[in-house]
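The structure under discussion appears below in the form of structure tokens.
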Amino acid sequence: MDNRPIGVFDSGLGGLTAVRQMRSILPSENIIYFGDTSRVPYGGRSQEILLKYGRQDVRFLRSFDIKAIVVACGTVSTTALPTLRAENDLPILGVVEPACRRAVGQTRNKRVGLIATAASVRSGSYERTIHALDEGVEVISKACPLFVPLVENGRYQVGDSVIETVAREYLVPLRDTGIDTLILGCTHYPLLTEIIGRIMGPDVMLIDTGEEAAWELKRTLTAQDMLAEERMGEATFYASDQPSDFGALASCFLREPMEKAVLPVDIETY
Ligand code: DGL
């Protein structure tokens with residue numbers, strides 16, 4: 006048993022979609038969340054910058070006595086995870102491996118789609134991980150760079166013509182490749198599940214990377230006898246900037262009102 010908190014970080018508030026899953030799958034765990042809201046988006050940045058940011062995010066979380074870290078950010082998971090793991094002596098989970106394992110287990114026709122940020126797609130991380138599990142699975146990837154800013158501007162509702170037009174442009178060619186499984190490889194995409202599902206159709210299984218990471222975390226903590234005792238876990242939120250629409254956006258990702266104060270962090274000092 007281990008009652009220390011779990012650290013979770015993301016480029017911004019999108020990682021709260023993973024926190025939501027963790028709070029439902031592991032309700033007894035305390036969570037310390039850091040959103041790097043002063044430097045979001047990470048999705049178009051270079052490998053070097055992403056590693057620098059990832060290291061600072063980990064150093065900040067490690068200023069607390071935490072037992073594990075979840076890299077909720079798809080972009081950092083695809084570009085910097087092996088280095089962050091090698092440099093730190095605690096379990097660090099990303100979102101790639103759990104989602105790939107689920108996709109390989111799920112696909113019937115061995116055609117898996119991936120949508121993510123440009124940096125994540127460019128990294129080839131999902132393809133490598135899937136091929137290590139099953140060489141016979143074909144991975145068809147599509148960067149969807151407009152999804153993050155549209156979601157952050159509240160344009161994620163069914164019936165919104167802007168997001169629906171953009172989604173069709175990205176997804177119809179992907180659907181037409183005949184994939185039967187689609188990995189939503191970015192923190193923001195769970196908010197688009199309904200829109201994406203309608204375009205892809207009922208035969209395409211959608212995989213939420215945050216949810217798969219939360220299940221993987223549960224397996225890891227269970228195997229290492231590191232689960233918290235049964236209790237009501239709490240989440241504490243830190244951010245490197247608080248723009249005026251912070252609360253509204255955070256509530257959308259968390260799907261519950263953001264009632265707690267968010268604490269400031271000067272991330273450049275880490
Ligand atoms: N959190 C990022 C990801 O999951 C999306 C937002 C960004 O580009 O920073 O890849």
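All residue numbers for the sequence shown refer to the numbering used here, where the first residue is 6 and numbers rise by one. Beta carbons are placed, not taken as given, at the ideal position from N, Cα and C, and that holds for glycine.
Check                                                                                                                                                                             : Outcome
What are the start and end residues of the beta strand (DSSP E) that includes V146?                                                                                               : Correcting the residue type first, residue 146 is Ser in the shown sequence and not Val. Taken as a continuous stretch (DSSP letters only), the beta strand (DSSP E) holding S146 covers 143–148.
Restricting to Cα atoms, I'd like to know which of P32, T214, D181, H136 is closest to T80.                                                                                       : T214
Return the Cβ separation of I188 and I212 in integer angstroms, given the expectation that the two are a contact with Cβ distance under 8 Å.                                      : 5 Å
Please classify L119: does DSSP put it in a helix, a strand, or coil?                                                                                                             : strand
Can you give the beta carbon distance from F39 to L66, rounded, assuming they're within the 8 Å contact cut?                                                                      : 6 Å
Please state whether the Cβ-Cβ distance between Q61 and Y243 is less than 7 Å.                                                                                                    : no
Let me check one thing: in DSSP terms, what residues is Y2 bridge-paired to?                                                                                                      : Since the first and last residues shown for the chain are 6 and 275, residue 2 lies out of range.
Counting along the chain, where does the alpha helix (DSSP H) carrying T198 start and finish?                                                                                     : 198–205
Alpha carbon to alpha carbon, how far is T186 from S146?                                                                                                                          : 12 Å
For L155, which of S16, P262, L254 has the nearest alpha-carbon?                                                                                                                  : L254
Hey, quick one: how far does the alpha helix (DSSP H) through M27 stretch, first residue to last?                                                                                 : 21–30
Write down every uninterrupted run of the beta strand (DSSP E) in the stretch 31–92 whose length is 3 residues or greater and which is fully enclosed by it, in chain order.      : 36–40, 73–76
Under a three-way DSSP split, which group does I184 fall into?                                                                                                                    : coil
For the 8 Å Cβ check, are there 3 or more pairs between the stretch 250–266 and the stretch 51–61?                                                                                : no
At a cut-off of 6 Å, is V101 close to the ligand DGL when judged by its beta-carbon and the heavy atoms of the ligand?                                                            : no
Could you tell me the alpha carbon to alpha carbon distance between S245 and I272, rounded to whole angstroms?                                                                    : 6 Å
Could you name the residues of the same chain whose beta carbon sits closer than 6 Å to that of S43, not counting the 5 residues immediately before and after it, in chain order? : S245, D246
Tell me whether G48 counts as near the ligand DGL, meaning its Cβ is closer than 6 Å to at least one heavy atom of that ligand.                                                   : yes
Could you please give the first and the last residue of the uninterrupted beta strand (DSSP E) stretch that includes L13?                                                         : Note on residue identity: the sequence assigns Val, not Leu, to residue 13. Here the beta strand (DSSP E) through V13 covers 11–15.
State the Cα-Cα distance for the pair G110 and S130, rounded to the nearest angstrom.                                                                                             : 18 Å
Residues in its own chain within less than 6 Å of A219 by CB, not counting five upstream and five downstream?                                                                     : Q26, M27, I30
Pull up the distance between the alpha-carbon of G17 and that of H193, whole angstroms please.                                                                                    : 10 Å
Using a Cβ-Cβ cut-off of 6 Å (strictly less than) and excluding sequence neighbours within five positions of G12, which residues of its own chain qualify?                        : I37, L66, I71, I74
Using the three-state DSSP reduction, which class does L211 fall into: helix, strand or coil?                                                                                     : strand
Leaving aside the five residues before and after N35 along the sequence, list all residues of the same chain whose C-beta is less than 8 Å from its C-beta, in chain order.       : N8, R9, P10, I11, A233, G238, E239, A240, T241
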